[in-house]
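Protein chains: 2
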Amino acid sequence: MLKRLPRVVREQQMLDAAVKVFSNRGFHAASMDEIAELAGISKPMVYAYLGAKDELFLACLQREATRLMEAVAGGVRPTARPDEQLWNGLRAFFAFVGAHRDGWRVLYRQARSEPRFAGELAGMRARIVEVVAALLESACVQADLAGRIRTPARPDDFLAMAYAYVGAAESLADWLADHEEEDPEQTATRMMNFVWVGADALLQGRVWRADRSQAG
Amino acid sequence: MLKRLPRVVREQQMLDAAVKVFSNRGFHAASMDEIAELAGISKPMVYAYLGAKDELFLACLQREATRLMEAVAGGVRPTARPDEQLWNGLRAFFAFVGAHRDGWRVLYRQARSEPRFAGELAGMRARIVEVVAALLESACVQADLAGRIRTPARPDDFLAMAYAYVGAAESLADWLADHEEEDPEQTATRMMNFVWVGADALLQGRVWRADRSQAG
DNA sequence: GCGTAACCTTACGCACGAGTAAGTAGGGTG
DNA sequence: CACCCTACTTACTCGTGCGTAAGGTTACGC
Numbered sequence: 001m002l003k004r005l006p007r008v009v010r011e012q013q014m015l016d017a018a019v020k021v022f023s024n025r026g027f028h029a030a031s032m033d034e035i036a037e038l039a040g041i042s043k044p045m046v047y048a049y050l051g052a053k054d055e056l057f058l059a060c061l062q063r064e065a066t067r068l069m070e071a072v073a074g075g076v077r078p079t080a081r082p083d084e085q086l087w088n089g090l091r092a093f094f095a096f097v098g099a100h101r102d103g104w105r106v107l108y109r110q111a112r113s114e115p116r117f118a119g120e121l122a123g124m125r126a127r128i129v130e131v132v133a134a135l136l137e138s139a140c141v142q143a144d145l146a147g148r149i150r151t152p153a154r155p156d157d158f159l160a161m162a163y164a165y166v167g168a169a170e171s172l173a174d175w176l177a178d179h180e181e182e183d184p185e186q187t188a189t190r191m192m193n194f195v196w197v198g199a200d201a202l203l204q205g206r207v208w209r210a211d212r213s214q215a216g
Numbered sequence: 217m218l219k220r221l222p223r224v225v226r227e228q229q230m231l232d233a234a235v236k237v238f239s240n241r242g243f244h245a246a247s248m249d250e251i252a253e254l255a256g257i258s259k260p261m262v263y264a265y266l267g268a269k270d271e272l273f274l275a276c277l278q279r280e281a282t283r284l285m286e287a288v289a290g291g292v293r294p295t296a297r298p299d300e301q302l303w304n305g306l307r308a309f310f311a312f313v314g315a316h317r318d319g320w321r322v323l324y325r326q327a328r329s330e331p332r333f334a335g336e337l338a339g340m341r342a343r344i345v346e347v348v349a350a351l352l353e354s355a356c357v358q359a360d361l362a363g364r365i366r367t368p369a370r371p372d373d374f375l376a377m378a379y380a381y382v383g384a385a386e387s388l389a390d391w392l393a394d395h396e397e398e399d400p401e402q403t404a405t406r407m408m409n410f411v412w413v414g415a416d417a418l419l420q421g422r423v424w425r426a427d428r429s430q431a432g
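Okay, structure coming up:
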């Protein structure tokens, strides 16, 4: 009719449309017809290029996840101090989410609630948690050299802490995704305060216990 | 056939079954037939007692949310110190999630990803965030009386912090829901350390800034 | 200028699952 | 014992939406 476009271009248009529709409707309620229509193409083209609904969703997932990872990795200088690395990573992360709210909703909500894709996502997530845990450990080692550590931490503790931090970040990101007016930079600052001050205190061996308010 | 049971009993059986199926399959993929079968009853009974699929899901949501709220409220002594209140609340919260993993998955994942129910859930969540924010503020006032505060905090800061904490807790709870072996008590301890030590440091006016590692 | 391959369409089959109509059986009350 | 109300069933209708068969059209190589 109007324009005949090469495959690669159409594929991106389809993925754009799919991410939008999946984000707004949810995986099941999203219809292939609506995705096709929004992409300005007919349904069989979607099947021809990107396969059935599952495969299409996975393609969305992978594209968005890759973009996110690249954005974060691109924002971090590996030679910087741990807190600077964290700060730059968080800035890049929240900036990305702020700019790709639909993508984030697909990644974080849809993929998670569909048992079929939860595994795929859990894997990506686990990698991030490990990176954060490694960052914490490196910060800890650094602090140890400065002679500030009082409680030796076990690997599981780093992992659990990293899990909690990642969860907190996701939660803030999720909030950001639904609040058009929120500034990603400010969200990142909040997260950084939240994480670093707490982490620093923890790394100095301060521990909360049930019997008294604080020790260390 | 076998047993004729009073309505109230059947309703609970149906809700039990519905929570399980919604949790395992997701809202859309869950079929009324499967729910009915698992409840040991035929489909029209479900419609007769609890209405259409939407209403059934909402009924699940409300039952689980109410139970959760009651469990947490029952665990907290309002006269205790803020950190003790928090500790008891977290203990009750994680204990509940550990004991009702299916219910938690329905609340946290399904409701969230279905735009139709997201609003309902967001309301419940907002109430929790407000409670946590109030707890933080009361802790802050208490600290202020002790003359430890150096940076005056604005209401938005409490809210954002509360949001991050709630997100971290949800994230840990979500992890707990998927890990049969994890002990809820330990999860609560981790969260408490994470929250309280960080919060205490923040309340003492320690702030992270981009230019230097720390101030205060 | 003509084949052919890539791009693109309309129009359908078909399964699955929500919701219902119509009717059966048990147990309490007169 | 006749009544009736509540618990319960089988056996359907019908919409919705995934996936496809079969065919049309543009661009490009030779």
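Each protein sequence line maps, in turn, to chains Z and U. Going by my numbering, 172 is the number at position 172 of the first sequence; the sequence numbering is gapless. So my numbering is basically just the index in the second sequence, starting at one, shifted up by 216. Note that CB positions come from ideal geometry on N, CA and C, so glycine has one too.
- At a cut-off of 8 angstroms, the C-beta of Z:ALA134 has no neighbouring C-beta in chain U.
- A straight line joining the alpha-carbon of Z:GLU114 with that of U:ASP249 spans about 20 angstroms.
- Taken through DSSP and simplified to helix, strand or coil, Z:LYS3 comes out as coil.
- Z:LEU159 is the residue among Z:ALA177, Z:ALA139 and Z:LEU159 whose C-alpha sits nearest the C-alpha of Z:ARG125.
- Listed along chain U, no residue sits closer than 7 angstroms to Z:PHE96 by beta-carbon distance, the nearest being about 18 angstroms off.
- Contact of Z:PHE194 with chain U is assigned, a C-beta pair being separated by under 8 angstroms.
- Assignment of U:ALA255 by DSSP, reduced to helix, strand and coil, places it in the coil class.
- Its chain contains TRP87, LEU90, ARG91, PHE93, PHE94 and ALA95 as the residues whose beta carbon lies nearer than 8 angstroms to that of Z:ALA188, once the 5 sequence neighbours on both sides are disregarded; these appear in chain order.
- Taking the C-beta atoms as reference points, U:ALA275 is found no nearer than 8 angstroms to U:LEU284.
- When Cβ-Cβ separations below 8 angstroms define contact, Z:GLY167 makes contact with chain U.
- Here the alpha carbon of U:VAL348 sits roughly 9 angstroms from the alpha carbon of U:MET377.
- In the displayed model, U:VAL235 falls within a helix according to three-state DSSP.
- Of the residues U:CYS356, U:ALA255, U:TRP391 and U:VAL413, the one whose Cα lies closest to the Cα of U:GLY314 is U:TRP391.
- Z:ASN24 is the residue among Z:GLU181, Z:ASN24 and Z:LYS43 whose C-alpha sits nearest the C-alpha of Z:ARG105.
- Cβ atoms of Z:ILE35 and Z:ARG10 stay farther apart than 8 angstroms, at about 13 angstroms.
- One Cα belongs to U:HIS316, the other to U:SER387, and the distance between them is close to 16 angstroms.
- Check the Cα spacing between Z:ALA17 and each of Z:VAL76, Z:ALA39, Z:GLU120 and Z:PRO6: the tightest is with Z:ALA39.
- Within chain Z, TYR163, ALA164, VAL166, GLY167, ALA168, GLU170 and SER171 have C-beta atoms less than 8 angstroms from the C-beta of U:SER387, given in sequence order.
- At a C-beta separation below 8 angstroms, Z:GLY89 has no neighbours in chain U, since its nearest C-beta there lies roughly 13 angstroms away.
- Distance from the CA atom of U:GLU336 to the CA atom of U:LEU323, rounded to whole angstroms, is 10 angstroms.
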